[in-house]
Amino acid sequence: MDEESWFSVTPEEIAAQQASWCAGAGVVIDAFAGVGGNAIQFAQMCQRVIAIDIDPKKVAMAYNNAKIYGVEHHIDFIVGDFLQLAPFLKGDVVFLSPPWGGPSYKAKESFTLDLLKPKDGEKKPEFTLFAGIPYFKLLEQ
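Numbered per our numbering, the sequence shown spans residues 5 to 145.
Structural data, given as structure tokens:
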């Protein structure tokens with residue numbers, strides 16, 4: 005894994021807990037898969053995973069990591085922009101853990117949600133992947 009991936013990947017125990025909430029699901033879409041930390045855990049508990057990342061190097065690392073865990077055959081790896089692909093995807097669960105900007109935040113005197121990247125969280129989706137999923141807005145206190 006590269007330097008960015010070490011601080012970006014979801015710790016294994018947390019990824020396993022998140023995957024347990026979806027155990028038995030048919031198809032899980034990991035929209036911002038990175039090096040596959042979450043996709044691997046979903047693959048251990050669900051039938052199929054579609055792991056998407058815009059960075060081909062991250063997708064290659066995700067495949068390698070999945071192979072180490074012996075779950076690569078349960079994951080479809082896609083290099084692409086989830087926001088462009090989403091209208092064409094079908095799944096039972098969508099997992100969204102978008103890029104957050106990295107460790108540069110610790111240099112800030114204070115942290116506000118304005119620092120998060122990308123800054124388009126106010127936009128409501130122009131499409132829906134699944135019926136009945138509410139749109140949540142993160143509120144700053």
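Ideal Cβ positions, reconstructed from N, Cα and C, are used throughout, including at glycine.
Spatially closest choice to residue i from the options, by CA coordinates
| i | options | result |
| --- | --- | --- |
| I44 | K61, P60, E8, F81 | F81 |
| L89 | A64, A55, C50, A111 | A55 |
| G95 | E16, V39, G28 | G28 |
| H77 | A66, K61, D85 | A66 |
| V13 | Q48, K62, A47 | K62 |
Whole-angstrom distance between residue j and residue i, CA atom to CA atom
| i | j | result |
| --- | --- | --- |
| W25 | I18 | 11 Å |
| D57 | E113 | 31 Å |
| N1 | A111 | There is no way to answer for residue 1, as the model of the chain reaches only from 5 to 145. |
| V53 | V32 | 5 Å |
| V75 | P102 | 23 Å |
| F36 | M5 | 16 Å |
Endpoints, alpha helix (DSSP H) assigned at residue i
| i | result |
| --- | --- |
| I18 | 16-24 |
| P60 | 60-73 |
| L93 | Where L93 is concerned, there is no enclosing alpha helix (DSSP H), given that its DSSP letter is neither H nor E. |
| A43 | 41-49 |
Limits of the beta strand (DSSP E) - the one that residue i falls within
| i | result |
| --- | --- |
| I54 | 52-57 |
| F99 | 97-99 |
| G81 | Looking at the sequence shown, residue 81 is not Gly but Phe. 79-83 is the span of the beta strand (DSSP E), which, as asked, contains F81. |
| V32 | 31-34 |
Beta carbon proximity, residue i to chain D, threshold 9 Å
| i | result |
| --- | --- |
| A23 | Included in the structure is just one protein chain, with no chain D present. |
Pair within 9 Å by beta-carbon distance, residue i and residue j
| i | j | result |
| --- | --- | --- |
| F99 | Q22 | yes |
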